Amino acid sequence: MTAIEYIVGLSGLLVSALFIYGLKGMSSPVTAVKGIVTAGWGMAFVVAVCFLQAFEVPEDVLPHLPVNLGLAVLALALGGLWAGWRGRTVEMTAMPQMVALYNGMGGGSAAAVAAIALMKHDGGTPLHLGVTVTGALIGCISLTGSLIAWAKLDGRMPNPIRFSGQKVFNGIVFIVTLALGLMTVVTQVQGTPGGDLFALLFFAGALLFGICMTAPIGGADMPVVISLYNTFTGLAVGLEGYVMSNPALMIAGMVVGAAGTLLTLLMAKAMNRSLSNVLFSNFGATSAQAAAGPHGEMKSVDPGDAATTMRYASSVIIIPGYGLAVAQAQQKLYEFVKMLQASGVDVKFAIHPVAGRMPGHMNVLLAEAGVPYDMIYDMDDINDSFATTDVALVIGANDVVNPSARTDKSSPIYGMPILNADQAKQVFVIKRGQGTGYSGVQNPLFFAKNTSMVFGDAQAVLSKMVETLKSLGTN
Amino acid sequence: MLTSMTFIIALYIFMLAAFTGYVVISRVPSILHTPLMSGSNFIHGIVVVGALTALFSATNVMEQVVGFLGVLLGAGNVMGGYVVTDRMLAMFRPSTKKPAQAATDKKTAS
Numbered sequence: 001m002t003a004i005e006y007i008v009g010l011s012g013l014l015v016s017a018l019f020i021y022g023l024k025g026m027s028s029p030v031t032a033v034k035g036i037v038t039a040g041w042g043m044a045f046v047v048a049v050c051f052l053q054a055f056e057v058p059e060d061v062l063p064h065l066p067v068n069l070g071l072a073v074l075a076l077a078l079g080g081l082w083a084g085w086r087g088r089t090v091e092m093t094a095m096p097q098m099v100a101l102y103n104g105m106g107g108g109s110a111a112a113v114a115a116i117a118l119m120k121h122d123g124g125t126p127l128h129l130g131v132t133v134t135g136a137l138i139g140c141i142s143l144t145g146s147l148i149a150w151a152k153l154d155g156r157m158p159n160p161i162r163f164s165g166q167k168v169f170n171g172i173v174f175i176v177t178l179a180l181g182l183m184t185v186v187t188q189v190q191g192t193p194g195g196d197l198f199a200l201l202f203f204a205g206a207l208l209f210g211i212c213m214t215a216p217i218g219g220a221d222m223p224v225v226i227s228l229y230n231t232f233t234g235l236a237v238g239l240e241g242y243v244m245s246n247p248a249l250m251i252a253g254m255v256v257g258a259a260g261t262l263l264t265l266l267m268a269k270a271m272n273r274s275l276s277n278v279l280f281s282n283f284g285a286t287s288a289q290a291a292a293g294p295h296g297e298m299k300s301v302d303p304g305d306a307a308t309t310m311r312y313a314s315s316v317i318i319i320p321g322y323g324l325a326v327a328q329a330q331q332k333l334y335e336f337v338k339m340l341q342a343s344g345v346d347v348k349f350a351i352h353p354v355a356g357r358m359p360g361h362m363n364v365l366l367a368e369a370g371v372p373y374d375m376i377y378d379m380d381d382i383n384d385s386f387a388t389t390d391v392a393l394v395i396g397a398n399d400v401v402n403p404s405a406r407t408d409k410s411s412p413i414y415g416m417p418i419l420n421a422d423q424a425k426q427v428f429v430i431k432r433g434q435g436t437g438y439s440g441v442q443n444p445l446f447f448a449k450n451t452s453m454v455f456g457d458a459q460a461v462l463s464k465m466v467e468t469l470k471s472l473g474t475n
Numbered sequence: 001m002l003t004s005m006t007f008i009i010a011l012y013i014f015m016l017a018a019f020t021g022y023v024v025i026s027r028v029p030s031i032l033h034t035p036l037m038s039g040s041n042f043i044h045g046i047v048v049v050g051a052l053t054a055l056f057s058a059t060n061v062m063e064q065v066v067g068f069l070g071v072l073l074g075a076g077n078v079m080g081g082y083v084v085t086d087r088m089l090a091m092f093r094p095s096t097k098k099p100a101q102a103a104t105d106k107k108t109a110s
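Going down the list, the sequences are from chains B and G. Going by the numbering used here, the first sequence opens with residue 1, and the numbers climb by one from there. Going by the numbering used here, the second sequence opens with residue 1, and the numbers climb by one from there.
This is the structure in structure tokens:
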């Protein structure tokens, strides 16, 4: 090994350690910032060290080296500046699609690495080529799949896109792509001409399959899909790390792959769906007939009266849903909460695992509004407290507080873990109208004896509640 | 012989990394799952190093184009993942004026 190979290798070792240290910092909000900054320095260092390799390129590359270096610097600058600018300016509500987009870029990068490895025709064992092609397949799926997820969440394309025979069509695309990948490996091993054509078609097929696989999945399932593609990119990076004999890529990729798998399964579990159910079933299309549900009177109450009740309650648990963020009412909500606290009310936030558009999204939206994280509780930590709570305030959430998930076996959401809002002494639900949640299931909670509906836009309702509290004073 | 040995070593690395990832991530509270996802997103952005290595050794226009795209996408992955993670984590604050707050301030300041 040359000196530069040693330096590059050791820097990879260092950065792998820093990445794991950085991720470990995420186990608490207190250490998380330090963790990501540490990992960031590690990344900057390893990218800088990577340029040392330019001193040791083979003879045949030397004439091209100036152009290659120029392109490298230009690509780093363009990609980094664009993504950095978008990352600084993106709205927190749009974070899921942004994460999907960045993730897809990583998958594309891994696929590009594989493409160059194949173009080099270095021979290589069938095993080596097989890993290259597998990484390319996963990376390509992640690239186009994430792009579709981004477009759907960003409201740029209709969703879901479904047609009859779709599953068969997708299956054929996948099998043809696999066959093309196999042919790519075989032709490369044997050195027969025409291998490049197979490789080209293989990449086209893999990119197409990413689109086909994601198109029929509905927007509400996108959190699972984003998490899944995060896993895919991790695996693709890990595999290409093996192809390039770069253990840092292998470790970083596989750590992310394992982490992503865990998150994906957690997410699917919280939605009461198996992963295959998310990917291969047309949820939503089947559940329309369940919309009949319970009948009865919804009681409605004036925002001012609801606010007064909460002001004189001793404990309030707030259950925010994505509807809160749609109404841009997080700030107003926290203002209301601070006034309740000033009056001596014990206020907590209860977050369902699927609140928002990706795991933990609602926590970010509340944090943005200034809500301290020690007021925010997970479903498992708070669910037993509802029975001893005076008021549960549900804002822009529906399915996650639907009691029929516990009792009604015919309900499409039966078995989904829910927040026990119905057990509170009094329940207020702030809601725009009388419609159902994304699952199309009617919610018996809204008809319960201890529930009062506060109809209206969350922003407007909360403004009225704040005014009421102001007029009541803090004692 | 040599190649099969490296492949076995690669499997060892993959196995250990997978366990590391699983153990480290299962300790992350669900409150931080979004930053965790964008943070792990940032970490697989190290693929940009692979793309750079590939681009450096490009010998024709096609390889240069694909390498350029690879680095471009990889750089976007790294930078975007880092910026959004950092932005989100900076928003997580505990309740005010507790001893814990002082500790956080010290940590974020350094």
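We put the CB at the ideal spot given by N, CA and C, even for glycine. Model, not experiment: these values are computed from the prediction.
task: Please name the residues in the region 38 to 64 of chain B whose beta-carbon is closer than 8 Å to at least one beta-carbon of chain G, in chain order.
output: Ala-39, Gly-40, Met-43, Val-46, Val-47, Cys-50, Phe-51, Gln-53, Ala-54, Val-57, Pro-58, Asp-60, Val-61, His-64
field: Minimum Cβ-Cβ distance from B:Ala-290 to chain G less than 8 Å
entry: Note that B:Ala-290 scores 44 on pLDDT, short of 50, meaning its location in the model is unreliable and no value can be drawn from it.
- request: Could you run through the region 80 to 92 of chain G and flag, in chain order, every residue whose CB is less than 8 Å away from some CB of chain B?
  value: Taking 8 Å as the cut-off between beta carbons, the residues of the region 80 to 92 of chain G near chain B are Gly-80, Gly-81, Tyr-82, Val-83, Val-84, Thr-85, Asp-86, Arg-87, Met-88, Leu-89, Ala-90, Met-91, Phe-92, in sequence order.
task: Only counting runs of 4 or more residues, tell me where the alpha helix (DSSP H) segments fall wholly within the region 83 to 126 of chain B, in order along the chain.
output: Whole alpha helix (DSSP H) segments, 4+ residues: 95 to 119.
query: Going along the chain, which residues of its own chain have a beta-carbon closer than 6 Å to the beta-carbon of B:Leu-153, five neighbours each way excluded?
result: Excluding positions up to five away in sequence, the list reads Pro-96, Gln-97, Met-222.
- request: Would you please state the rounded distance, in angstroms, between the beta carbons of B:Ala-117 and B:Val-243? I believe it to be under 8 Å.
  value: 5 Å
- prompt: Quick one, which of B:Met-213, B:Pro-126, B:Asn-383, B:Leu-129 has its alpha-carbon nearest B:Leu-147's?
  reply: Checked all of B:Met-213, B:Pro-126, B:Asn-383, B:Leu-129; the closest Cα to B:Leu-147 is B:Met-213.
- prompt: Quick one: Cα of B:Val-99 to Cα of B:Ala-114, how far?
  reply: In a straight line, the C-alpha of B:Val-99 is about 23 Å away from that of B:Ala-114.
- prompt: Under 8 Å, do B:Phe-232 and B:Ile-318 count as touching if we go by C-beta distance?
  reply: no
message: Could you tell me the alpha carbon to alpha carbon distance between G:Met-91 and B:Val-364, rounded to whole angstroms?
response: Going by the C-alpha atoms only, they are around 8 Å apart.
field: Top-ranked residue by Cα proximity to G:Ala-10, from B:Met-250, B:Ile-4, B:Ala-270
entry: B:Met-250
- prompt: Below 8 Å, can you find three or more Cβ-Cβ pairs linking the region 19 to 38 of chain B to the region 79 to 86 of chain G?
  reply: yes
query: Would B:Phe-87 pass as a contact of B:Leu-143 if the rule is Cβ separation under 8 Å?
result: One point to set straight first is that residue 87 of chain B is Gly, not Phe, in the sequence displayed. Cβ distance not < 8 Å, so B:Gly-87 and B:Leu-143 don't count as in contact.
message: Closest to B:Ala-48 by C-alpha separation, out of B:Val-30, B:Trp-82, B:Ser-28, B:Ile-4, would be which residue?
response: B:Ile-4
message: Quick check: the Cα distance between B:Tyr-485 and B:Phe-45, rounded to an integer number of angstroms?
response: No information on residue 485 of chain B is available, as it lies outside the stretch 1 to 475 that chain B covers here.
message: Cutting at 6 Å between CB atoms, please list the residues of its own chain near B:Thr-389, excluding the five before and the five after it.
response: Closer than 6 Å at the Cβ level, and outside the excluded window around B:Thr-389, lie Ser-315, Ile-317, Ala-424.
- prompt: Looking only at its own chain, which residues have a Cβ that is under 8 Å from the Cβ of B:Gln-330, when we skip the five neighbours before and after it?
  reply: Pro-320, Leu-324, Leu-365, Leu-366, Glu-368, Ala-369, Val-371
field: Extent of the continuous beta strand (DSSP E) to which B:Thr-451 belongs
entry: 451 to 455
task: Specify the secondary structure class of B:Ile-317 as computed by DSSP and reduced to three states.
output: strand
Span of the alpha helix (DSSP H), counted from its first residue to its last, around B:Tyr-6: 3 to 25
query: Hey, B:Ala-110 and G:Val-47 are a contact pair by Cβ (cut 8 Å); roughly how many whole angstroms apart?
result: At roughly 5 Å, the Cβ-Cβ gap stays under 8 Å, so B:Ala-110 and G:Val-47 are in contact.
task: Compare the Cα-Cα distances from B:Val-345 to each of B:Pro-353, B:Ile-351, B:Val-255, B:Phe-336 and report the closest residue.
output: B:Phe-336
task: Closer than 8 Å, Cβ to Cβ, to anything on chain G: give me those residues from the region 437 to 456 of chain B, in chain order.
output: none
message: Taking the alpha carbon of B:Val-73 as the reference point, which residue from B:Leu-62, B:Ala-54, B:Asp-60, B:Glu-91 has its own alpha carbon closest?
response: B:Ala-54
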